[in-house]
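Okay, structure first, notes after.
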DNA sequence: CCATTTTTGTTAATTAAATCACATTTATAG
DNA sequence: CTATAAATGTGATTTAATTAACAAAAATGG
Ligand SMILES: NC(=O)c1ccc[n+]([C@@H]2O[C@H](COP(=O)([O-])OP(=O)(O)OC[C@H]3O[C@@H](n4cnc5c(N)ncnc54)[C@H](O)[C@@H]3O)[C@@H](O)[C@H]2O)c1
Ligand SMILES: NC(=O)c1ccc[n+]([C@@H]2O[C@H](COP(=O)([O-])OP(=O)(O)OC[C@H]3O[C@@H](n4cnc5c(N)ncnc54)[C@H](O)[C@@H]3O)[C@@H](O)[C@H]2O)c1
């Protein structure tokens, strides 16, 4: 059997980071192999969903044996490009941005906030975790001299569209926002939202609507 | 036509908070009515999806007119229970938890972190934004004297299962975690994850796999 | 008041995701 | 080496979500 050539479903890709992280944890704990049923127990995904997901990335398992954890990590790590540093820029170093910068993806060696920007003159010039906060208009030049693969924005909603317009002008195409303000961008630019309020509201809602 | 009696799809419920927020913004800006097509433009959802979603909650629109914004806000607000304060507890007041507590859902008058807990004696006793940080084992009593509708956890992954076990013992059934550690809970307990690393990895991935 | 336009709500069609079910492969034990 | 057990990978099926298409309803403009 050869690897699929069908288009890989969006949801299978979305689950890759979870697979990757879980497999790394297992490897760290000395495990060498895993069966879809065991993995499913850990991350609460049906084994059959796991097997189908994996099948999109090649013939990764062995019948009667399971999957070699190191091999899965190798394959998934390649897709996630964990062997090259993915430089990120942080826009808005308020309370939330500061927390992200202090942590700076400690657990993910290949993700790194390499530069940070703010509009507040009181904040500009301050150094946190070896990153010196700059004025946002320095980003254009920075993005030419260093690889910035994406941006995390923790600016307030009211500033977000304006910031995004500037980022787009700088050639940034991947933006993750903590402000839920919907923005308009060219279709080659991707904006994802991490919407805390919606998450909390849904959490409370789905508990109310007592489970199936 | 009468309201549906079919089961409301998960995804329609998931979108409610976004509808609600957007409609409130429109109302704040003086708008009185909205058409599914306009709303779709703003939040990037197909008008037909919006109309179908709305239809689950009653006969809310008028042909040739659109939807009355105040009416939608009323209906959706009721479902989201925005008129009763939803008390939340915060567990883990490190850098991230602190940012959440300082903000404390400023923009959402009905969501409120009413108590905060940590394990670190240096942190316990400190007051942030009128909330005094307590030892986690105070939560059991607190949850009996004040309504805690849900918990936000910003404790490190390695502590999360232990914290969750305690929360479950206290009768908490809704938990939002910033640590991606998968935990086991009874099936009446809901855990949602806000997984920053996965979001970033997917953001970069989906940009690589150049858009459809 | 009537004709035209707009826009909803929903049935039908489509697309996407998850799951079932099982033939096939490999491991293992005797 | 063979028989048995275990687990994968994938067609077939089911379930869920989205989108298309359009009849019916309401508004608007003579
Ligand atoms: N903190 C939370 O609990 C929380 C929760 C949910 C969502 N959010 C979202 O994240 C945003 C940030 O939260 P926060 O608590 O860090 O707020 P904050 O006010 O502490 O920080 C915002 C930062 O953005 C900077 N900024 C403003 N306009 C800018 C611009 N045009 N360019 C560059 N920087 C600019 C400000 O100077 C400030 O440092 C919030 O507005 C909200 O939309 C925060
Ligand atoms: N900060 C980030 O950028 C970031 C990004 C992604 C995910 N996260 C997740 O959020 C978690 C918290 O992030 P942070 O930056 O605030 O870390 P942090 O270390 O600053 O804060 C963690 C807090 O949890 C407390 N704690 C530890 N064990 C506890 C227990 N058993 N009971 C109660 N409190 C306990 C600690 O005392 C500390 O105050 C991280 O471990 C990570 O899993 C953080």
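Residue numbers (my numbering), protein chains in the order written: chain A, 1 to 212; chain B, 213 to 424.
Heads up, the beta-carbon is just placed ideally off N, CA and C, and yes, glycines get one too.
heavy atom of ligand 2 below 7 angstroms from residue i C-beta
i	result
residue 116 of chain A	no
residue 100 of chain A	yes
residue 306 of chain B	yes
residue 303 of chain B	yes
residue 97 of chain A	no
residue 381 of chain B	no
residue 391 of chain B	yes
residue 374 of chain B	yes
residue 131 of chain A	no
residue 331 of chain B	yes
residue 366 of chain B	yes
residue 348 of chain B	yes
Between the CA atoms of residue j and residue i - distance to the nearest angstrom
i	j	result
residue 31 of chain A	residue 383 of chain B	35 angstroms
residue 18 of chain A	residue 263 of chain B	34 angstroms
residue 340 of chain B	residue 113 of chain A	28 angstroms
residue 1 of chain A	residue 246 of chain B	Any answer about residue 1 of chain A is weak, because its pLDDT of 39 lies below 50 and its placement is not dependable; what the coordinates show is given next. Whole-angstrom Cα-Cα distance: 54 angstroms.
residue 89 of chain A	residue 270 of chain B	44 angstroms
residue 377 of chain B	residue 401 of chain B	11 angstroms
residue 268 of chain B	residue 388 of chain B	27 angstroms
residue 420 of chain B	residue 174 of chain A	10 angstroms
residue 70 of chain A	residue 414 of chain B	22 angstroms
residue 256 of chain B	residue 182 of chain A	8 angstroms
residue 410 of chain B	residue 293 of chain B	30 angstroms
residue 266 of chain B	residue 405 of chain B	27 angstroms
residue 261 of chain B	residue 219 of chain B	16 angstroms
Chain B contact for residue i (CB, 8 angstroms cutoff)
i	result
residue 99 of chain A	yes
residue 211 of chain A	For residue 211 of chain A, the predicted structure reports a pLDDT of 43, less than 50, and the residue's modelled location is therefore unreliable. The matter cannot be settled from this model.
residue 9 of chain A	no
residue 207 of chain A	yes
residue 176 of chain A	yes
residue 73 of chain A	no
Within-8 angstroms CB hit, residue i to chain A
i	result
residue 361 of chain B	yes
residue 267 of chain B	no
residue 226 of chain B	yes
residue 341 of chain B	no
residue 308 of chain B	yes
residue 314 of chain B	yes
residue 385 of chain B	yes
Near ligand 1: residue i beta-carbon under 7 angstroms from a heavy atom
i	result
residue 414 of chain B	no
residue 157 of chain A	yes
residue 127 of chain A	no
residue 297 of chain B	no
residue 196 of chain A	yes
residue 315 of chain B	yes
Under 7 angstroms (Cβ pairs) to chain A, residues found in the region 238–261 of chain B: 254, 255, 256
Taking beta-carbon pairs under 8 angstroms, can you tell me which members of the region 184–205 of chain A lie near chain B? 187, 188, 190, 192, 194, 195, 196, 197, 198, 199, 200, 201, 202, 203, 204, 205
Using a Cβ cut-off of 8 angstroms, which residues of the region 104–124 of chain A contact any Cβ in chain B, in chain order? 105, 107, 108, 111
Please list the residues of the region 292–304 of chain B that have a C-beta atom closer than 8 angstroms to any C-beta atom in chain A, keeping them in chain order. 292, 293, 298, 300
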